[in-house]
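Numbering (the working numbering), first residue to last: 6 to 103. All C-beta atoms, glycine included, are put in the ideal place defined by N, C-alpha and C. Contents: one structure, followed by commentary.
This is the structure in structure tokens:
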């Protein structure tokens, strides 16, 4: 349970950093959150972290960010469907359509 709490903390820190447009910090926090969610494994959190990570990447617009964004969204979409997170799947569909 403690690892999941760390994953949530990292995800929220990443979301805050992304909102503050600190892309480097956002990426570091979201990388750690994803690593923790994958090691649990916690599929719901994996989907959510990937979705947020994809939101942060296009703003940075670095080399390979677009491809990584699409990969993250595709993986998040599949995880959302497999865990019955239909609302998240719909939000991801909107992101994919952009």
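Do residue 41 and residue 80 have their beta-carbon atoms positioned less than 8 Å apart in this structure? Along the chain shown, one-based indexing puts residue 80 at 75. Along the chain shown, one-based indexing puts residue 41 at 36. Taking 8 Å as the Cβ cut-off, residue 80 and residue 41 do not qualify as a contacting pair.
Leaving aside the five residues before and after residue 8 along the sequence, list all residues of the same chain whose C-beta is less than 8 Å from its C-beta, in chain order. As a first step, residue 8 must be located in the chain shown, where it is residue number 3. Around residue 8: 41, 44 and 45.
Using 8 Å as the limit for Cβ to Cβ distance, is residue 83 near chain C? The structure shown has no chain C; it contains just one protein chain.
Using the Cα positions of residue 33 and residue 96, report the straight-line distance between them to the nearest angstrom. By 1-based counting over the chain shown, the position of residue 33 is 28. By 1-based counting over the chain shown, the position of residue 96 is 91. When rounded, the distance between both Cα atoms is 23 Å.
DSSP on residue 25, reduced to helix/strand/coil? Start at 1 with the first residue of the chain shown, and residue 25 comes out as number 20. Note: residue 25 maps to coil in three-state DSSP.
At which residues does the alpha helix (DSSP H) containing residue 72 begin and terminate? Residue mapping note: residue 72 aligns to position 67 of the chain shown, counting from 1. Note, residue 72: alpha helix (DSSP H), 70 to 87.
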